[in-house]
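Peer 1:
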Amino acid sequence: MQILKIVFINRAPFGNLELDFEEYGINVLSAINGKGKTTILSQIADAFHEMAKVTYDNSYSGDFKKKYYRVVTSRYSLDIKEPALVYIRFAHNNEMYDYIELAGNIDEEGYNQINIIDKIPYSKILIKLQESANTKILSSNSTRNNINSIFGTSILTYFPAYRFEVPGFLNNSYSDKILYDISPKYSGYLTNPIEVVSDLPQLANWLMDLVLDWSLYKDEKSLQLRQALNQLLSLALETKTKTNVRLGIGQRNDSSTRISVVYDNGEIIYPSIFEISSGEAALLCLFGEILHQSDRIGQTLNCEGIVLIDEIDKHLHITLQYNILPKLFNLFPKIQFIVSSHSPFLTMGLGEMQQHRAKLIDLDNNGLITVPRNTELYKSVYNLFVSENNNFAKELATVKEKIAEQTKPIVITEGKTDIKHILKAKEMLSITDLKFACIEVCKQPDGDMNYFLY
């Protein structure tokens with residue numbers, strides 16, 4: 006399953022926007038806040054839900070089946086007197102699948118302004134409009150069998166900006182139970198979640214299942230998944246460890262350290278997987294969940310599908326954005342990624358490592374498409390950011406060395422005038438047996454910091 010095109014008409018914040026997406030591409034939505042990045046991603050996720058409702062009755066039972074993931078209302082129209090429309094075209098196994106969200110009555114002339122070949126007939130829209138002015142419509146080939154085939158062979162998932170992981174220092178993290186998956190698989194239920202908000206405990210449970218399968222059966226698929234997970238983990242921790250790492254399994258009577266992160270020689274880095282940093286957890290839960298979902302539908306690293314990630318740079322240091330994210334994308338060559346980002350460093354990394362696959366969609370300029378680049382100027386800016394902290398650390402070490410060499414008491418002052426006031430007070434009080442020796446003047450944006458002896 007891939008997205009080919011999405012069209013917005015009078016749907017805030019877009020008056021008229023048409024976007025085309027690359028097959029198996031890394032599509033980066035870029036814009037200032039309020040320009041529609043989340044709108045695009047959530048509209049696609051909404052289409053996933055509407056398709057799933059066709060066949061997964063048990064996942065959408067009762068009133069839930071009648072409710073939309075995204076509310077349809079004229080409040081989201083730029084002009085509330087005019088109809089607002091979203092049209093999305095998908096492709097699966099060389100067949101087109103279409104989805105429409107419509108708020109307000111649209112006439113045939115207005116509908117025909119959408120330049121898509123073999124789109125949903127207006128007659129079908131007219132029937133729906135007789136039921137409600139606010140509606141959602143799928144193309145007629147969205148049958149139970151076809152939708153079941155789509156979700157049974159493709160990953161369709163959305164990581165919203167409000168996703169989170171509970172940190173390990175909270176007491177209730179240690180109550181997360183590491184369980185094996187013994188639940189039977191019933192028809193009528195979605196195999197994979199469409200929206201993933203928090204995932205580390207569920208991911209840990211799957212890791213235990215994977216270890217058990219490998220221990221019992223030594224099958225090729227479990228080996229591939231285990232190797233892929235260790236590769237993913239090594240990339241997520243690369244800036245810290247500088248070498249390969251792997252998952253370690255602890256004693257069964259200590260659930261808090263049941264799954265650890267270790268070097269290849271067994272030396273422990275994190276005694277519990279729940280202790281990894283927020284940035285490391287963000288990467289592991291995003292890309293580990295893709296592996297998890299591919300496993301659940303019987304696929305491996307070559308799984309196909311669409312993965313939506315809002316604010317993909319959330320929690321990530323610029324070195325992870327620049328060096329690691331592009332490498333993680335590369336683990337999934339047949340996934341179509343559509344992500345939002347404010348990070349120029351991600352753009353640099355994609356320009357260096359994924360230029361053949363990535364494109365930037367500039368929503369500040371009506372969806373202008375550009376290729377990510379990494380120029381010498383960009384590199385110098387990145388190096389400036391990275392080296393700035395290192396420079397501060399070196400300066401601090403130098404000052405500490407000078408302080409350690411002194412035998413007299415030390416006074417540290419802030420600001421340009423502090424030492425002047427002290428020297429003036431010394432003069433006014435006629436203190437003659439106290440001598441000051443300035444160690445260093447540290448330049449600061451809001452004034453100088455003075456180190457001196459007395």
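This note's numbering puts the first residue of the sequence shown at 6, with every later residue one more than the last.
Heads up, the beta-carbon is just placed ideally off N, CA and C, and yes, glycines get one too.
(1) Which same chain residues, not among the five before or five after residue 297, have their C-beta less than 7 Å away from its C-beta?
(2) Contact check, residue 460 vs residue 240 under 8 Å by CB: the rounded distance?
(3) Indicate whether residue 295 and residue 343 have their beta-carbon atoms separated by less than 8 Å.
(4) Taking the Cβ atom as the reference point for each residue, do residue 279 and residue 205 lie within a distance shorter than 8 Å?
(5) Between which two residues does the beta strand (DSSP E) carrying residue 419 extend?
(6) Return the chain-ordered list of same chain residues with a C-beta closer than 6 Å to the C-beta of residue 363, the five sequence neighbours on each side being excluded.
(7) Rounded to whole angstroms, what is the Cα-Cα separation between residue 396 and residue 405?
(8) Give every residue of the same chain whose Cβ lies closer than 7 Å to the Cβ of residue 350, excluding the five residues on either side of it in the sequence, and list them in chain order.
(9) Which value, in whole angstroms, describes the spacing of the CA atoms of residue 75 and residue 45?
(10) Pop quiz: residue 193 and residue 61 are said to be a contact at Cβ under 8 Å. What is the actual Cβ separation, rounded to whole angstroms?
(11) Quick one: complete beta strand (DSSP E) runs, 3+ long, within the region 119-158?
(12) Residue range of the alpha helix (DSSP H) that residue 429 falls in?
(13) Quick check: what's the CA-CA separation for residue 100 versus residue 358?
(14) From residue 426 to residue 438, what does the alpha carbon distance come to, in whole angstroms?
(15) Please specify which runs of the beta strand (DSSP E), each continuous and at least 3 residues long, are wholly inside the region 326-406, giving them in chain order.
(16) Decide if residue 469 is buried, meaning its Cβ has at least 16 other Cβ atoms within 10 Å, or exposed.
(17) When the Cβ atoms of the region 301-321 are set against those of the region 6-13, are three or more pairs found closer than 8 Å?
(18) Which same chain residues end up closer than 8 Å to residue 250 when comparing Cβ atoms and leaving out the 5 residues on each side of it in sequence?
(19) Does DSSP put residue 238 in a helix, a strand or coil?
Peer 2: Here's the rundown:
(1) For the purposes of this step, residue 297 is identified with residue 292 of the sequence shown, where counting begins at 1. The answer, listed in chain order, is 208, 211.
(2) The structure shown has nothing for residue 460, since the chain only spans 6 to 459.
(3) Here the question's residue 295 lines up with position 290 in the sequence shown. Here the question's residue 343 lines up with position 338 in the sequence shown. Against a cut-off of 8 Å, the Cβ pair of residue 343 and residue 295 comes out as no contact.
(4) Indexing the sequence shown from 1 puts residue 279 at position 274. Indexing the sequence shown from 1 puts residue 205 at position 200. Against a cut-off of 8 Å, the Cβ pair of residue 205 and residue 279 comes out as a contact.
(5) Indexing the sequence shown from 1 puts residue 419 at position 414. Element bounds for residue 419: 415-419.
(6) Against the sequence shown, residue 363 aligns to sequence position 358. Around residue 363: 31, 355, 377.
(7) Taking the first residue of the sequence shown as 1, we reach residue 396 at position 391. Taking the first residue of the sequence shown as 1, we reach residue 405 at position 400. Their backbone Cα atoms lie some 14 Å apart in a straight line.
(8) Start at 1 with the first residue of the sequence shown, and residue 350 comes out as number 345. Answer for residue 350: 323, 326, 327, 387, listed in chain order.
(9) Locating residue 75 in the sequence shown gives position 70, where the first residue counts as 1. Locating residue 45 in the sequence shown gives position 40, where the first residue counts as 1. Going by the C-alpha atoms only, they are around 12 Å apart.
(10) Position 188 of the sequence shown, counted from the first residue, corresponds to residue 193. Position 56 of the sequence shown, counted from the first residue, corresponds to residue 61. Going by Cβ atoms, the distance from residue 193 to residue 61 rounds to 6 Å, so yes, they are a contact pair.
(11) 139-143
(12) Reading the sequence shown from its first residue, position 424 is the one you call residue 429. Unbroken alpha helix (DSSP H) run through residue 429: 423-433.
(13) Here the question's residue 100 lines up with position 95 in the sequence shown. Here the question's residue 358 lines up with position 353 in the sequence shown. Near 32 Å, if we compare the C-alpha coordinates of residue 358 and residue 100.
(14) Taking the first residue of the sequence shown as 1, we reach residue 426 at position 421. Taking the first residue of the sequence shown as 1, we reach residue 438 at position 433. Cα to Cα, the separation comes out at about 18 Å.
(15) 340-345, 363-367, 373-375
(16) Because the chain spans 6 through 459 in this model, residue 469 falls outside it and cannot be assessed.
(17) yes
(18) Taking the sequence shown and counting its residues from 1, one reaches residue 250 at position 245. Closer than 8 Å at the Cβ level, and outside the excluded window around residue 250, lie 235, 238, 239, 242, 266, 267, 268, 269, 274.
(19) Here residue 238 refers to the residue found at position 233 of the sequence shown. Correct three-state label for residue 238: helix.
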